[in-house]
Amino acid sequence: MTSERNSRVALVTGGGSGIGRRVAEKLALEHSARVYVLDRDADASAAVVDGIVAAGGRATACLVDLADSVRLRERVDFVTAEFGPPDILVNNAGISAMIRAEECLLEQWQAMVNVNVTAPMLLMQHALPHMKQQRWGRIVNVASISGIRAGTGRMPYGTSKAALIAMSRQFAVEVAPWGVTVNSIAPGPVDTPLARANHSAETRDTYGEMVPMRRYGTPDEIADAILFLASEQASYITGQTLAVDGGFVAAGILVNDLHDDSSALKRFAPAQSGHSAGKLG
Ligand SMILES: NC(=O)c1ccc[n+]([C@@H]2O[C@H](COP(=O)([O-])OP(=O)(O)OC[C@H]3O[C@@H](n4cnc5c(N)ncnc54)[C@H](O)[C@@H]3O)[C@@H](O)[C@H]2O)c1
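Just so we're aligned, residue 2 is where the sequence shown starts under this note's numbering, counting upward by one.
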């Protein structure tokens with residue numbers, strides 16, 4: 002970000018933990034933004050804000066329950082009246098649970114949709130008039146690879162993240178003439194409290210097999226991608242979904258022994274010379 006952006010106001014939902022925490026810290030400390038951390042966890046967001054302020058940044062914690070769609074508008078109006086409208090909005094907060102599609106209760110579905118889809122929509126509606134007026138704005142919605150590819154137990158979560166990705170595109174095309182961009186990030190597995198609560202040992206092993214980089218991502222790696230989409234430099238990128246996933250979405254079959262020798266290639270060598278099936282490259 003350039004010095005021109007030193008006074009940007011940024012709202013980061015779920016800034017009390019994991020990915021959102023790193024986004025809030027980096028925006029405030031590396032890019033001099035004034036950051037508002039919207040989170041339902043008062044202690045966690047206070048700790049993040051205290052850390053930022055102690056390090057010389059500007060940050061304020063705002064206690065908000067994003068599941069309460071009715072009160073959300075009220076709370077956001079209060080935040081705006083108090084601190085001014087945002088130039089950057091990072092809809093990062095999300096909830097997740099492993100639930101079989103056939104067994105998902107209406108309450109579980111509604112809770113997931115409220116936090117993962119309805120709250121980002123209301124916050125975008127809230128932020129856009131100001132962004133359009135100043136002909137500059139950056140919105141980054143944190144979706145998931147589960148919004149791109151299906152997984153067992155991911156029906157409500159994956160559907161909510163797919164909706165978030167689709168909604169980002171819808172907003173993006175409507176507000177593009179005003180120089181406002183709306184993009185999604187689709188993180189792969191990232192080591193955060195959310196992942197630790199939802200990923201069993203088996204899930205972790207499975208990701209180990211399916212992610213070409215053979216590891217979880219870090220909150221820093223996701224935050225850096227979010228910060229790029231929130232930057233001046235990303236001015237002509239809108240309506241996109243950036244997977245930050247160690248190659249998960251790009252991958253199909255991964256053959257382990259291709260990582261260290263060519264034995265698998267030899268096994269698939271063509272039966273007849275001149276026949277190209279089975280050749281790679
Ligand atoms: N960790 C992963 O593996 C992973 C993978 C893909 C996508 N994501 C997405 O990244 C985002 C951040 O996830 P994380 O792993 O950092 O999670 P996290 O649980 O570490 O942090 C989420 C934060 O959101 C806050 N929050 C949750 N519900 C809220 C509500 N109703 N009102 C206000 N605040 C609320 C929590 O208090 C917490 O501070 C989420 O949208 C998640 O779906 C995470």
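All C-beta atoms in this analysis are idealised placements derived from N, C-alpha and C, irrespective of residue type, glycine included. Only a predicted model underlies this, so the values are computations on that prediction, with no experimental measurement involved.
Close beta carbons around residue i, own chain, < 8 angstroms, minus the five adjacent residues each side
i, result
"residue 193", "18, 19, 20, 220"
"residue 229", "235"
"residue 199", "97, 98, 99"
"residue 166", "142, 144, 148, 149, 185, 187, 242"
Minimum C-alpha distance to residue i - residue among the options
i, options, result
"residue 78", "134, 189, 12, 169", "12"
"residue 118", "251, 158, 46", "158"
"residue 181", "132, 248, 227", "132"
"residue 232", "15, 32, 22, 16", "32"
"residue 71", "258, 116, 44, 24", "116"
"residue 179", "80, 135, 190, 69", "135"
"residue 186", "199, 197, 170", "170"
"residue 45", "165, 27, 14", "14"
"residue 122", "204, 105, 164, 251", "164"
"residue 43", "102, 55, 61", "61"
"residue 124", "258, 191, 67, 206", "67"
"residue 153", "69, 102, 237, 23", "102"
Residues near residue i in its chain [Cβ-Cβ closer than 6 angstroms; skip 5 each side]
i, result
"residue 9", "34, 88, 89"
"residue 173", "183, 239, 240"
"residue 155", "147"
"residue 65", "39, 76"
"residue 27", "224, 228"
"residue 268", "Caution is warranted here: a pLDDT of 49 is assigned to residue 268, below 50, making its placement in the model unreliable, and the coordinate value is therefore given only provisionally. Hits under 6 angstroms: none found."
Residues near residue i by beta carbon distance below 7 angstroms, same chain, minus five either side
i, result
"residue 202", "none"
"residue 176", "129, 133, 183"
"residue 195", "19, 97"
"residue 214", "247, 248"
"residue 151", "159"
"residue 161", "113, 114, 117, 118"
"residue 47", "62"
Strand pairing of residue i, partner residues [DSSP]
i, result
"residue 61", "37"
"residue 186", "143, 243"
"residue 14", "39"
"residue 155", "100"
"residue 89", "11, 139"
"residue 218", "191"
"residue 24", "Paired residues: none, contrary to the question."
Beta-carbon spacing of residue i, residue j below 8 angstroms
i, j, result
"residue 283", "residue 244", "Outside the shown range of the chain, which is 2 to 282, sits residue 283, and nothing can be said about it."
"residue 29", "residue 58", "yes"
"residue 218", "residue 248", "no"
"residue 91", "residue 63", "no"
"residue 242", "residue 94", "no"
Counting pairs of Cβ atoms below 8 angstroms between the region 125 to 138 and the region 87 to 103, do you hit three or more? yes
Are three or more beta carbon pairs between the region 33 to 42 and the region 200 to 212 nearer than 8 angstroms? no
Meets three-Cβ-pair contact criterion under 8 angstroms: the region 134 to 153 and the region 107 to 116: no
The region 67 to 81 / the region 46 to 59 touching (three or more Cβ pairs under 8 angstroms): no
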